[in-house]
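**Q**
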Ligand code: ADP
Ligand code: ASP
Ligand code: MG
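In our numbering, the protein residues as written are 1054 to 1458.
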């Protein structure tokens, strides 16, 4: 059994829906059981969000989910109809019908469990279940969505719940590259990548896979194959371990442009201040990313952190109130920033990787505003208009365009 997920561009037009359906039909005729998961057509999700904002600049999360879930709800029956027209029995299922049970957090719901009874029932009847990705249902029967790019997560979670042999993610590039091939022309396709590397890349902006899909894949050992829906070639396998000789210091570069920073100037240097500022942000569901606290001087310090620029307005309001409470001097909020990251398990225990990154950026005239690291990732915050250039510089500096990967 195989789960095949088709992304937005791959189902963007009627002709593309026919092409995708042909591919599903071929797999079925080759003797495999297929469960299909589909995204909204083309830019439907963006258009629905823009439409919502044109009637209310701050639409409630619940109504927004009720609206945007429809993108996927439209694609699934179209694919099912197309399959039926080709003589392949098929049935479309919404997330709720497919048994995708989630938390109640609108626009960022997490899958709690999957009760795939209707999918199994369809498979027994030799029908191809075509599941609407990205959406689920909470215990209160509220329609939820899993966050932008969340159809990947629907697919991998279904593959785990159904104990499928693998999950194929069909998209508009031929696999996972050493950098976004639309930004770095010399990016190379990887034949394999480890779950932990892909998770870090996805978390810092490589949108080719939804981070939670990778997390679930690793947890349940689902082999994930990312490949093109436009050509038949093999793509990239996401696996637990790479062959030893394939390990490289740095495997990929990623960037994320939706970043802003907030600085709180002159906070008192005493226990509880950071908690007083970050607790209300967390209560509002705002994730804080890179945090830098300066060395205190005469009992005061500055605290700077990054948030998604889309959360900036809400975060600024909350931080201003909290800063007043703790007696801080001033709060400043700045958008227009981006994250630039390098990722690779090979950098574990390899000295000099950070130095090489900073030197390359310096020579490119790119100023680093903040830095954060994990064991296998280094991230620099830089001006947004410089991030694409920075990605090309780092890709070259770490020889990703020349070395075998
Ligand atoms: P889908 O609609 O199929 O889910 P997405 O737009 O979500 O497709 O993801 C595919 C896009 O991810 C590609 O078109 C590419 O521009 C971008 N991308 C970013 N980083 C990478 C990378 N390292 N490798 C491949 N694609 C990447
Ligand atoms: N349609 C949703 C989005 O655009 C989910 C997805 O494509 O995975 O974010
Ligand atoms: Mg996607």
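A virtual CB, placed ideally from N, CA and C, is assigned to each residue, including glycine.
Can you round the beta-carbon distance between residue 1144 and residue 1094 to whole angstroms, since I take them to be within the 8 Å contact cut?
**A** Not quite, the Cβ-Cβ distance comes to about 19 Å (not below 8 Å), so this is no contact.
**Q** Assign residue 1415 to one of two classes, buried (16 or more other C-beta atoms within 10 Å of its C-beta) or exposed (fewer than that).
**A** By the 10 Å Cβ count, residue 1415 comes out exposed.
**Q** State the start and end residues of the unbroken alpha helix (DSSP H) segment that holds residue 997.
**A** Here the chain has residues from 1054 to 1458 only, and residue 997 is not among them.
**Q** Please classify residue 1458 as buried or exposed, where buried requires at least 16 neighbouring CB atoms within 10 angstroms.
**A** Because residue 1458 carries a pLDDT of 49, less than 50, the predicted location of this residue cannot be relied on, and no value is offered for it.
**Q** Once you ignore the five residues that flank residue 1080 on each side, which residues in its own chain have a CB closer than 8 Å to its CB?
**A** Contacts found: 1055, 1057 and 1087.
**Q** Between 1167, 1325, 1388 and 1273, which has its C-alpha nearest residue 1313's C-alpha?
**A** Of the listed residues, the one whose Cα sits closest to residue 1313 is 1388.
**Q** For a test of the three-state rule: what should DSSP assign to residue 1064, helix, strand or coil?
**A** Residue state, collapsed to three classes: helix.
**Q** For residue 1486, does the count of other Cβ atoms within 10 angstroms reach 16, so buried, or fall short, so exposed?
**A** Residue 1486 is absent from the structure shown; the chain starts at 1054 and stops at 1458.
**Q** The beta strand (DSSP E) spanning residue 1119 covers which residue range?
**A** That residue, residue 1119, is in no beta strand (DSSP E); its alpha helix (DSSP H) goes 1114-1138.
**Q** Taking the beta carbon of residue 1359 as the centre, do at least 16 other beta carbons fall within 10 Å, making it buried, or is it exposed?
**A** By the neighbour-count rule (16 or more Cβ atoms within 10 Å), residue 1359 is buried.
**Q** Verify whether the separation of the beta carbon atoms of residue 1339 and residue 1368 is less than 8 Å.
**A** Taking 8 Å as the Cβ cut-off, residue 1339 and residue 1368 qualify as a contacting pair.
**Q** Give the C-beta separation of residue 1091 and residue 1149 to the nearest angstrom, bearing in mind that I take them to be a contact with Cβ-Cβ under 8 Å.
**A** With 8 Å as the limit, residue 1091 and residue 1149 do not qualify as a contact, their Cβ atoms being about 15 Å apart.
**Q** What separation, rounded to the nearest whole angstrom, lies between the Cα atoms of residue 1191 and residue 1398?
**A** If I take the Cα positions, the gap works out to 37 Å.
**Q** Can you list the beta strand (DSSP E) stretches of 3 or more residues lying completely in the segment 1155-1228, in chain order?
**A** Within the segment 1155-1228, the complete beta strand (DSSP E) runs of at least 3 residues are 1164-1167, 1181-1185, 1188-1191, 1196-1198 and 1219-1224.
**Q** Threshold first: 4 residues or longer. Then list the alpha helix (DSSP H) segments lying entirely within the segment 1259-1307, N to C.
**A** If we require 4 residues or more, the alpha helix (DSSP H) runs fully inside the segment 1259-1307 come out as 1264-1273.
**Q** Below 8 Å on the Cβ atoms is my guess for residue 1245 versus residue 1290; work out the distance and round it to an integer in Å.
**A** Correct: roughly 5 Å between the Cβ atoms.
**Q** Would you say residue 1114 faces chain D, with C-beta separation under 8 Å as the test?
**A** In the displayed structure, chain D is absent; only one protein chain is listed.
**Q** Going by alpha carbons, who is nearest to residue 1373 out of 1451, 1315 and 1295?
**A** Checked all of 1451, 1315 and 1295; the closest Cα to residue 1373 is 1315.
**Q** Under the DSSP definition of a beta bridge, which residues are partnered with residue 1230?
**A** For residue 1230, which the question treats as bridged, DSSP gives the partners 1242.
**Q** According to DSSP, is residue 1413 helix, strand or coil?
**A** Helix, per DSSP.
**Q** With DSSP run on the structure shown, which of helix, strand or coil describes residue 1440?
**A** Helix.
**Q** Helix, strand or coil for residue 1335, going by three-state DSSP, please let me know.
**A** DSSP places residue 1335 in helix when its eight states are reduced to three.
**Q** Mind checking whether the beta-carbon of residue 1202 lies closer than 7 Å to any heavy atom of the ligand ASP?
**A** Yes - the ligand ASP has a heavy atom lying nearer than 7 Å to the Cβ of residue 1202.
**Q** Examine the Cβ distances between the segment 1274-1281 and the segment 1330-1339 and report whether three or more of them are shorter than 8 Å.
**A** Touching, no, given that fewer than three Cβ pairs across the two stretches are closer than 8 Å.
**Q** State yes or no: is the C-beta of residue 1142 within less than 8 Å of the C-beta of residue 1180?
**A** In this structure, residue 1180 lies closer than 8 Å to residue 1142 by Cβ.
**Q** Count the other CB atoms, across all protein chains shown, that sit within 10 Å of the CB of residue 1390; report buried if there are 16 or more and exposed otherwise.
**A** The residue is buried, with at least 16 neighbouring Cβ atoms inside 10 Å.
**Q** If you measure from the CB of residue 1260, is any heavy atom of the ligand MG nearer than 7 Å?
**A** Residue 1260: yes, Cβ under 7 Å from the ligand MG.
**Q** What's the call for residue 1265, buried or exposed, on a 16-neighbour Cβ count within 10 Å?
**A** So residue 1265 counts as buried.
**Q** Could you work out which residue in 1350, 1151, 1109 and 1304 is closest to residue 1450 when comparing CA atoms only?
**A** The option with the nearest alpha carbon to residue 1450 is 1304.
**Q** State the Cα-Cα distance for the pair residue 1229 and residue 1324, rounded to the nearest angstrom.
**A** Near 44 Å, if we compare the C-alpha coordinates of residue 1324 and residue 1229.
**Q** Work out the CA separation of residue 1341 and residue 1322 for me, nearest whole Å.
**A** Computed Cα separation, rounded: 20 Å.
**Q** Please report the straight-line C-alpha distance between residue 1070 and residue 1100, rounded to a whole angstrom.
**A** Straight-line Cα distance between these residues: approximately 19 Å.
**Q** Grouping DSSP H, G and I as helix and E and B as strand, with all else coil, what is residue 1106?
**A** Here residue 1106 sits in helix by DSSP.
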